[in-house]
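Enquirer: Encoded as structure tokens, here's the structure I'll be asking about.
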Amino acid sequence: LAAADGPGETGHATNQRDSTRWRVDAEALRKRYPRFCAGLDAEEAEHARVQRLHWVLQRVEEILDARERAEQRSIAREGGREGGRDPLVALPPFPAFAAEHLRQSHGRGAMASRAGWALAASLHVALTDWP
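Residues in the sequence shown are numbered from 207 upward in steps of one, following this note's numbering.
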């Protein structure tokens, strides 16, 4: 992540109130979260900003809730069938599911990619700055 301000920045967001100053480094995030970032538009990364931890936790909760609902639907659909097939096999891997959830909740265009980049960047900062 690169600071939007001038020299003297450390590269870490230590003050969450100043989180809008932090821009997204798409290449660094693609290395850390390759399967999640694969479906995001790289051009939208420059418009995304690191968000507060509260925002991140809300998005994660939304994604986890959506995944649970999808799993329940899949189990209900496949549960009565014989053959012992795992009903969760039909679901995409979690990173792809999360990106698809953002596309469904934010639209298929730029807003979904911006939300995805903001989520990845915010997670990166939170995990990097964790004590």
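Backbone N, C-alpha and C fix where the C-beta goes; we use that ideal spot for every residue, glycine too.
No experiment lies behind these values; they were computed from the predicted model shown.
Quick one: grab the DSSP three-state call for R265.
Expert: Looking at R265 - three-state DSSP - the assignment turns out to be helix.
Enquirer: Relative to the C-alpha of E277, which candidate in F242, D292, E267 and L263 has its C-alpha closest?
Expert: Of F242, D292, E267 and L263, the residue nearest in Cα terms is D292.
Enquirer: Mapping DSSP to helix, strand and coil, what is P213?
Expert: Reliability fails at P213, whose pLDDT of 33 lies under 50, so the model's placement of it is uncertain and no value is given.
Enquirer: Expressed to the nearest angstrom, what Euclidean distance is found between the alpha-carbon atoms of G322 and P299?
Expert: Cα to Cα, G322 sits roughly 16 Å from P299.
Enquirer: Kindly give me the distance between the Cβ atoms of R258 and H330, rounded to whole angstroms, as I take these residues to be in contact under 8 Å.
Expert: Actually they are not in contact, since the Cβ atoms of R258 and H330 sit about 14 Å apart, beyond 8 Å.
Enquirer: Would you be able to state if there are at least three C-beta pairs under 8 Å between the segment 246 to 255 and the segment 311 to 325?
Expert: Judged by Cβ distances under 8 Å, the segment 311 to 325 makes contact with the segment 246 to 255, as three or more pairs qualify.
Enquirer: Short check: CB of H307 to CB of I269, under 7 Å?
Expert: Cβ distance < 7 Å, so H307 and I269 count as in contact.
Enquirer: R309 to E284, Cα distance in whole Å?
Expert: When rounded, the distance between both Cα atoms is 26 Å.
Enquirer: What is the DSSP secondary structure of R241, reduced to helix, strand or coil?
Expert: Helix at R241.
Enquirer: Answer yes or no: do V266 and A251 have a C-beta to C-beta separation smaller than 7 Å?
Expert: No, the pair does not count as a contact, with Cβ atoms beyond the cut-off.
Enquirer: Which class does R309 belong to by DSSP, given the choice of helix, strand or coil?
Expert: Reduced to three states, the DSSP call for R309 is helix.
Enquirer: DSSP on R255, reduced to helix/strand/coil?
Expert: Note: R255 maps to strand in three-state DSSP.
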